[in-house]
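Residue numbers (this note's numbering): 475 to 667.
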């Protein structure tokens, strides 16, 4: 459990620094922009590695990873449906579309949906720590992003129907990849029999 918690703390701390503009500005002023980005990247990668190792370790422990609730078998269908908008929003974060403009921060909303869906499907302690932490982070960062936007324009690009279709098609393509191959490859848990 220590690896998972340590990784979550490191990863979340690195990602919460940008939500505190004064702290971030102080670090950039002290370290320089390049060193700050390098430190941010290093902390993020190290945190992610610890999260993966810790989650995998906890999933293999029967006693150290108690089942807190047992999801009903039908919940899988709800989760699969929730992942469609999550992946469309993830792609929309990188496409200058009306979807991105309307949602504001589609990657954070995608992260919220992803984490919530996975909390529904997994009732063990490791999953509660992992997905609950990411859900809490996404909510806090979304609120903070709204406050930061009130401080000045974000320079958001607004696209047209074509860019919206690109985001939707890209999200659906990513969904198919995750559904048939990606989830099993990344997690070892196939989504389809």
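The beta carbon of each residue, even a glycine, is placed where N, CA and C say it ideally should be.
Values in this document were obtained by computation on a predicted structure and should not be read as measured data.
Pull up the distance between the alpha-carbon of residue i and that of residue j, whole angstroms please.
i           : j           : result
residue 520 : residue 510 : 15 Å
residue 607 : residue 570 : 29 Å
residue 514 : residue 486 : 11 Å
residue 507 : residue 667 : 48 Å
residue 531 : residue 502 : 36 Å
residue 650 : residue 586 : 20 Å
residue 576 : residue 657 : 29 Å
residue 541 : residue 516 : 33 Å
residue 652 : residue 614 : 27 Å
residue 528 : residue 655 : 23 Å
residue 641 : residue 483 : 32 Å
residue 558 : residue 488 : 28 Å
residue 633 : residue 572 : 5 Å
residue 567 : residue 660 : 22 Å
residue 603 : residue 523 : 16 Å
May I ask which residues mark the beginning and end of the alpha helix (DSSP H) holding residue i?
i           : result
residue 590 : 580 to 595
residue 567 : From DSSP, residue 567 is part of no alpha helix (DSSP H); its letter is neither H nor E.
residue 535 : Note, residue 535: premise wrong, no alpha helix (DSSP H); not H, not E.
residue 670 : The question about residue 670 has no answer, for the chain in this structure spans 475 to 667.
residue 659 : 657 to 661
residue 577 : 572 to 577
Bridge partners of residue i, per DSSP?
i           : result
residue 598 : 541
Determine the DSSP secondary structure at residue i, reduced to helix, strand or coil.
i           : result
residue 632 : coil
residue 548 : coil
residue 644 : helix
residue 607 : helix
residue 495 : helix
residue 618 : helix
residue 667 : coil
residue 528 : helix
residue 506 : coil
**Q.** Cβ contact check for the segment 635 to 647 and the segment 519 to 539: 3 or more pairs under 8 Å
**A.** Judged by Cβ distances under 8 Å, the segment 635 to 647 makes no contact with the segment 519 to 539, as fewer than three pairs qualify.
Q | Any 3 or more C-beta pairs closer than 8 Å across the segment 488 to 495 and the segment 613 to 620 | A | Flag = yes, the segment 488 to 495 and the segment 613 to 620 touch.
Q: Pair every Cβ in the segment 588 to 597 with every Cβ in the segment 545 to 556, then say whether three or more of these pairs are closer than 8 Å.
A: Yes, since at least three Cβ pairs between the segment 588 to 597 and the segment 545 to 556 fall closer than 8 Å, the two stretches touch.
(Q) Assess contact between the segment 578 to 592 and the segment 552 to 569, defined as three or more Cβ pairs (one per stretch) separated by less than 8 Å. Is contact present? (A) With a cut-off of 8 Å, the segment 552 to 569 and the segment 578 to 592 count as touching, because enough Cβ pairs lie within range.
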